[in-house]
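Heads up: the structure comes next, in structure tokens.
Residue numbers (our numbering): 1 to 330.
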């Protein structure tokens, strides 16, 4: 059984990755229902938190049904990060996660996210200070290194563990790769196989099928899989992986009715949480995957992703439900 601090997260847990404008409370709720063992918030700017920026503060919302839930923060300034820890604690998460992996230029240019991979000493000292500043377990999400020539993830992971990090999730790409090419899980396995490591080591990157999740577990020996892009618009991915682990067989894909019902719930929860304008806008990216595989679907998808009116999107769901009733997904 994997444990993050004193939290038992199960045997080979599946974790919902923190994804900007994706891992919000409505989507986390859907993934939790479908078998996600641990969920993480969208990444939150420490500078935004201490300045009480509305968007950053809103991301602190968590609900009891999500637990265990981690709030992820990013930044490169020690004082700001420590102040943000105090703010985060008031929301009552189970875990505080530090983002040392985001490759986006606007984050990296400030020395945060994957930008800190250029300064491992700062990465370690920030982690140590945050561990000492909270009673909650602190975890880290990072990448293999800044580029191919600077991969020292075995040493880095060991140093993070030694200053109190309770678990580490590693994306199998460098910052230079962004999201291109294939994720390389071999260096993550080297971290896990380091005899000095005793905290959970989770793999991230290209876990896009039950078989790949099983490979991460059985071939590479990791402690769990962090799921990102495969879950967008498809929260059923978690239950499909677990079914495959249990039976060795693929679970039948969700029916059209399940998909329509989930899309409706997702949109309604998003509107309830962030208002109609944002709720409609930020759920658009999910609809392609919700209804992936339906032939001649472009007309309906366009209605879903171009309308700013929730009533129009709900009407599109109704049309899909009626028009494609009984459609069998492969």
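Just so you know, even glycine gets a beta-carbon here, dropped at the ideal spot from N, CA and C.
Since the model is a prediction, treat every value here as computed from it, not as a measurement.
* To do: Have a look at 116, 138 and 124 and flag the residue whose alpha-carbon is nearest the alpha-carbon of residue 85.
  => 138
* Asked: How long is the line joining the alpha carbons of residue 229 and residue 208, rounded to whole angstroms?
  -> 8 Å
* Asked: Is the CB-CB distance between residue 186 and residue 143 below 8 Å?
  -> no
* Asked: Taking residue 178 as the reference, which of 326, 194 and 115 has the closest Cα?
  -> 115
* Under the three-state DSSP convention, the category residue 8 falls into -> strand
* Identify which residue in 105, 113 and 134 has its Cα closest to the Cα of residue 87. => 134
* **8 Å Cβ shell around residue 233 - same chain, five flanking residues per side excluded** => 285, 286, 287, 288, 289, 290 and 292
* For residue 300, which of 315, 309, 308 and 311 has the nearest alpha-carbon? -> 315
* Asked: Sorted by chain position, which residues of the same chain lie with C-beta nearer than 6 Å to residue 321's C-beta, five sequence neighbours on each side aside?
  -> 260
* Between residue 189 and residue 164, which are expected to be in contact by the criterion C-beta below 8 Å, what is the C-beta distance as a whole number of angstroms? -> Not a contact, Cβ separation roughly 23 Å.
* Asked: Taking the C-alpha atoms as reference points, what is the distance between residue 110 and residue 313?
  -> 38 Å
* Asked: In chain order, what residues of the same chain lie with their CB nearer than 8 Å to the CB of residue 23, ignoring the 5 residues before and after it?
  -> 16, 17, 39, 40, 41 and 42
* Based on Cα-Cα distance, which residue from 8, 181, 61 and 45 lies nearest to residue 272? -> 61
* Top-ranked residue by Cα proximity to residue 153, from 201, 8 and 294 -> 201
* Asked: Which residues share a DSSP beta bridge with residue 97?
  -> 72 and 139
* Reduced DSSP category for residue 221 - H, G, I as helix; E, B as strand; rest coil -> coil
* Could you pull out every residue in the same chain whose Cβ sits closer than 8 Å to the Cβ of residue 310, ignoring the five residues on either side in sequence? => 267, 271, 276, 279 and 280
* Just tell me which of 14, 76 and 195 has its CA closest to the CA of residue 121. => 76
* Asked: Grouping DSSP H, G and I as helix and E and B as strand, with all else coil, what is residue 250?
  -> coil
* Does the Cβ-Cβ distance between residue 70 and residue 37 come in under 8 Å? -> no
* What does residue 3 pair with, by DSSP beta-bridge criteria? -> 8
* Tell me whether the beta-carbon of residue 264 lies closer than 8 Å to the beta-carbon of residue 324. => no
* What is the DSSP secondary structure of residue 45, reduced to helix, strand or coil? -> strand
* Asked: DSSP state of residue 291, grouped into three classes?
  -> coil
* Tell me which same chain residues have a C-beta within less than 8 Å of the C-beta of residue 108, skipping the five on either side of it? -> 102, 114, 115 and 175
* Asked: Can you tell me the Cα-Cα spacing of residue 26 and residue 14, whole angstroms?
  -> 18 Å
* To do: Would you mind reading off the limits of the alpha helix (DSSP H) that contains residue 314?
  => 310-323
* Asked: Per DSSP, which one or two residues make a beta bridge with residue 226?
  -> 15 and 204
* To do: Check whether the Cβ atoms of residue 56 and residue 80 sit closer than 8 Å, and answer yes or no.
  => no
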